[in-house]
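Written as structure tokens, this is what we have:
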């Protein structure tokens, strides 16, 4: 399980957009049958099927901690969790995309970004601008990729050897670097170019079972 707002991802993957219209929305689709069905599926993992910890159970130990110590098979979170899992001794894990709903559309993911901005009242706007240029430029983006904290924005940094080396434990690296273009709202944004990408980390011992699933 992941944070509560993650339930909305399952609703979108069930064919219900978060809001309508996509730009300048006037209605949030919480009352949409497909949206409700997707959220219910997410809730049922804990309340009905008992395959995920309940909110009460997570009060004593978070999902990420349960996964890190091998007491959970899957954990839903963003790329920023990679450092936590990478530091966990003896943890064999990988990442994958979220499941799709019965309509079979491409899986959606929420996006987390680092919003670099310069305050209008800043007494050091020139220095701030130099930092923003550095952080958003090739060198800064390469350092971000090597840090294992965020997925860089520049394709040159994503495809670099430094990014691959920083994620050498992953066999499914294409989840972070690839993906079809997203053109519905932001034509220039590709899935692999997001600052962060919500992925599901999977314990290594379950990967073989997933690979044997019926086609």
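Numbering (the working numbering), first residue to last: 1441 to 1655. Where is the CB? At the ideal position from N, CA and C, for every residue including glycine.
Let me know if residue i comes out buried or exposed under the rule of 16 or more other beta-carbons within 10 Å of its beta-carbon.
i	result
residue 1627	Because residue 1627 carries a pLDDT of 41, less than 50, the predicted location of this residue cannot be relied on, and no value is offered for it.
residue 1560	exposed
residue 1555	exposed
residue 1456	buried
residue 1460	exposed
residue 1573	exposed
residue 1448	buried
residue 1512	buried
residue 1633	Note that residue 1633 scores a pLDDT of 34, beneath 50, so its modelled location is shaky; the value from the coordinates is reported in the next line. Buried is the call here.
residue 1548	buried
residue 1445	exposed
residue 1488	exposed
CB residue i to CB residue j, shorter than 8 Å?
i	j	result
residue 1481	residue 1450	yes
residue 1588	residue 1526	yes
residue 1485	residue 1479	no
residue 1593	residue 1537	no
residue 1524	residue 1508	yes
Whose CA, out of the options, lies closest to the CA of residue i?
i	options	result
residue 1532	1455, 1610 and 1586	1610
residue 1476	1541, 1490 and 1461	1541
residue 1510	1530, 1483 and 1521	1530
residue 1576	1445, 1596 and 1495	1596
residue 1591	1557, 1521, 1563 and 1497	1521
Since I believe residue j is in contact with residue i (beta carbons under 8 Å), could you give me their beta-carbon distance rounded to a whole number of angstroms?
i	j	result
residue 1539	residue 1464	That pair is no contact at about 30 Å.
residue 1586	residue 1606	5 Å
Between residue i and the ligand NAP, is there a pair consisting of the residue's CB and a ligand heavy atom that are separated by less than 7 Å?
i	result
residue 1586	You won't find the ligand NAP in this model; it holds no ligand whatsoever.
Inter-stretch contact at 8 Å, needing at least 3 Cβ pairs: the segment 1592-1602 / the segment 1572-1584: yes
Any 3 or more C-beta pairs closer than 8 Å across the segment 1514-1526 and the segment 1486-1506: yes
The segment 1566-1577 in contact with the segment 1456-1471 per 3-pair CB rule at 8 Å: no
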